[in-house]
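With positions in the sequence shown counted from 1, the corresponding number in our numbering is that position plus 317. Every residue, glycine too, gets a C-beta built ideally from N, C-alpha and C. Nothing here was measured: the structure is a model prediction, and the numbers come from that model. Take a look at the structure set out below.
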Amino acid sequence: MLNPPLHTKMRRSTGTLFDRGFLEQIKMSMDRAVAGLLDILEDELRSGEADFNSLIAEQLPVMSIGGWLELPADDYPLLRSLVNEQVLTQELFPPPSKLTRSDLATQRLQDYFAEVIRERRKAPGDDPISSWIRTWDAMEPDREQADAAVHSLAFFVLEAALETTTHLLNTMALMLLRRPGRFDQLRARPELIPGAVEESLRYDPPIHMISRVAPEDTALGDAKVLRGEMVQLMVGAAHHDPRQYKDPEVFDVRRGASHLSFGSGIHYCLGAPLARLEGVSLLTALLDRLPGLRLAAPPAWAGQVTFRRITEFKVALA
Numbered sequence: 318m319l320n321p322p323l324h325t326k327m328r329r330s331t332g333t334l335f336d337r338g339f340l341e342q343i344k345m346s347m348d349r350a351v352a353g354l355l356d357i358l359e360d361e362l363r364s365g366e367a368d369f370n371s372l373i374a375e376q377l378p379v380m381s382i383g384g385w386l387e388l389p390a391d392d393y394p395l396l397r398s399l400v401n402e403q404v405l406t407q408e409l410f411p412p413p414s415k416l417t418r419s420d421l422a423t424q425r426l427q428d429y430f431a432e433v434i435r436e437r438r439k440a441p442g443d444d445p446i447s448s449w450i451r452t453w454d455a456m457e458p459d460r461e462q463a464d465a466a467v468h469s470l471a472f473f474v475l476e477a478a479l480e481t482t483t484h485l486l487n488t489m490a491l492m493l494l495r496r497p498g499r500f501d502q503l504r505a506r507p508e509l510i511p512g513a514v515e516e517s518l519r520y521d522p523p524i525h526m527i528s529r530v531a532p533e534d535t536a537l538g539d540a541k542v543l544r545g546e547m548v549q550l551m552v553g554a555a556h557h558d559p560r561q562y563k564d565p566e567v568f569d570v571r572r573g574a575s576h577l578s579f580g581s582g583i584h585y586c587l588g589a590p591l592a593r594l595e596g597v598s599l600l601t602a603l604l605d606r607l608p609g610l611r612l613a614a615p616p617a618w619a620g621q622v623t624f625r626r627i628t629e630f631k632v633a634l635a
């Protein structure tokens, strides 16, 4: 929600996070991670139903971003739980009880990354957090301010990667399991797999509401927006606007990447290439290994609007 010039400074400090070379480098490790998670899912399915959310969708994003940040794997369950609580404050009109839970989670995440930064200063490496420390030390003479900037980046990258990508993986599988013909179509034409990922992002985006702060007085239709006011952009509704999309309620894997799920302009998502890679890797493996996968029960959803979240997603084998 930052505007220039601070947004420009923060964005430039990250460099190019997930370029083509990096994605090619990690693709094999991503595929191995997916294979390991599907091994666990298959073991569970042999004895009946299994929860796709807890075994796959919640695991792959934290393994991906946690491994990239070089955070201890033993910390992944804690980080996932804290992020789930922290984002409650971003809902529309959250009750005091949720704000309290979010505040506690925020403090614990802040303490966690403060310790990570202290440790990386003692023993810097080639990881992103060490790189951000070096970058901000060169830009900001005040050590406390430099650490605060690095802290914000690490905190934000973790939070954004976990909540949004978990939803993408869940929704992608759910949309296809509800439409078995689409699974058959993708097996016959695997080149359409990236399109299925994009259509999942359009049909039910991970974030249904994006906040922006107006940098100047402006007008949106008949509404006047003053400088400094926050505007809530309802992305989920925009993605089903018949003026923009032909047959918006049809899940069409050939539609292409025409959506706002990663934002746009200067605020375009830093982690979009990584999220896409996770989606393609998982869907490719699912089509190959679990052709008989089916939906065992309607999924359970958290009562949230901003960050969409499935809490249980039972699947079985036909």
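Pick from the options that is closest to residue i, judged by C-alpha positions
i: Phe369; options: Ala466, Ala471 and His484; result: His484
i: Leu550; options: Glu480, Gly573, Leu600 and Val622; result: Val622
i: Arg495; options: Ser517, Glu476, His557 and Leu475; result: Ser517
i: Pro378; options: Leu396, Arg329, Gln407 and Ile510; result: Leu396
i: Arg572; options: Val467, Leu416, Tyr585 and Leu509; result: Leu509
i: Leu355; options: Glu629, Leu607 and Arg611; result: Leu607
i: Leu421; options: Glu629, Asn401 and Leu409; result: Asn401
i: Leu610; options: Glu361, Gly538 and His525; result: Glu361
i: Glu387; options: Gly442, Pro532 and Met347; result: Gly442
i: His468; options: Arg499, Asp459 and Asp428; result: Asp428
i: Leu426; options: Pro394, Pro445 and Glu546; result: Pro394
i: Ala531; options: Met547, Leu587, Glu432 and Gln403; result: Met547
i: Pro616; options: Thr488, Phe473, Arg437 and Met345; result: Thr488
Residue i vs residue j beta-carbon contact at 8 Å
i: Ala613; j: Ala589; result: no
i: Ala602; j: Ala352; result: yes
i: Pro413; j: Leu405; result: no
i: Pro552; j: Pro522; result: Reading off the sequence, residue 552 comes out as Val, not Pro. For Val552 and Pro522, yes; Cβs fall inside 8 Å.
i: Trp449; j: Leu470; result: yes
i: Pro565; j: His576; result: no
i: Val570; j: Gly620; result: no
i: Ser598; j: Thr452; result: no
i: Thr481; j: Ile446; result: no
i: Arg519; j: Ser578; result: yes
Inter-residue Cα distance where the pair is residue i and residue j
i: Gly596; j: Arg349; result: 14 Å
i: Arg625; j: Thr535; result: 30 Å
i: Ala367; j: Lys631; result: 5 Å
i: Ala540; j: Ala478; result: 33 Å
i: Asp605; j: Leu491; result: 17 Å
i: Ala466; j: Arg544; result: 25 Å
i: Leu399; j: Gln376; result: 14 Å
i: Leu537; j: Ile357; result: 50 Å
i: Glu515; j: Arg593; result: 8 Å
i: Ser528; j: Leu416; result: 18 Å
i: Arg435; j: Asp454; result: 14 Å
i: Ala554; j: Val567; result: 14 Å
i: Ile583; j: Ile382; result: 22 Å
i: Thr423; j: Gln342; result: 33 Å
N- and C-terminal bounds of the beta strand (DSSP E) containing residue i
i: Gln549; result: Met547 to Met551
i: Lys541; result: Ala540 to Val542
i: Thr482; result: Taken as a continuous stretch (DSSP letters only), Thr482 belongs to no beta strand (DSSP E), being part of the alpha helix (DSSP H) at Arg460 to Leu494.
i: Ala536; result: Thr535 to Leu537
Boundaries (first-last residue) of the alpha helix (DSSP H) holding residue i
i: Val622; result: Unbroken run through Val622: none, as it is neither H nor E.
i: Ile527; result: Where Ile527 is concerned, there is no enclosing alpha helix (DSSP H), although the beta strand (DSSP E) it sits in stretches over Met526 to Val530.
i: Asp454; result: Pro445 to Met456
i: Ser346; result: Arg337 to Leu362
i: Ser575; result: From DSSP, Ser575 is part of no alpha helix (DSSP H); its letter is neither H nor E.
i: Gly498; result: Pro497 to Ala505
i: Gly384; result: Gln376 to Leu386
i: Leu416; result: Pro413 to Lys439
i: Ile510; result: Ile510 to Tyr520
i: Lys563; result: Taken as a continuous stretch (DSSP letters only), Lys563 belongs to no alpha helix (DSSP H), as it is neither H nor E.
Beta-bridge partners of residue i, as assigned by DSSP
i: Asp605; result: None; Asp605 has no bridge partner.
i: Ala633; result: Arg611
i: Asp368; result: Lys631
i: Ala592; result: For Ala592, which the question treats as bridged, DSSP gives no partner whatsoever.
i: Ala617; result: Glu629
beta-carbon residue i near the ligand SAM non-hydrogen atom, thresh 7 Å
i: Phe410; result: Looking at this structure, you won't find the ligand SAM or any other ligand, since it has none at all.
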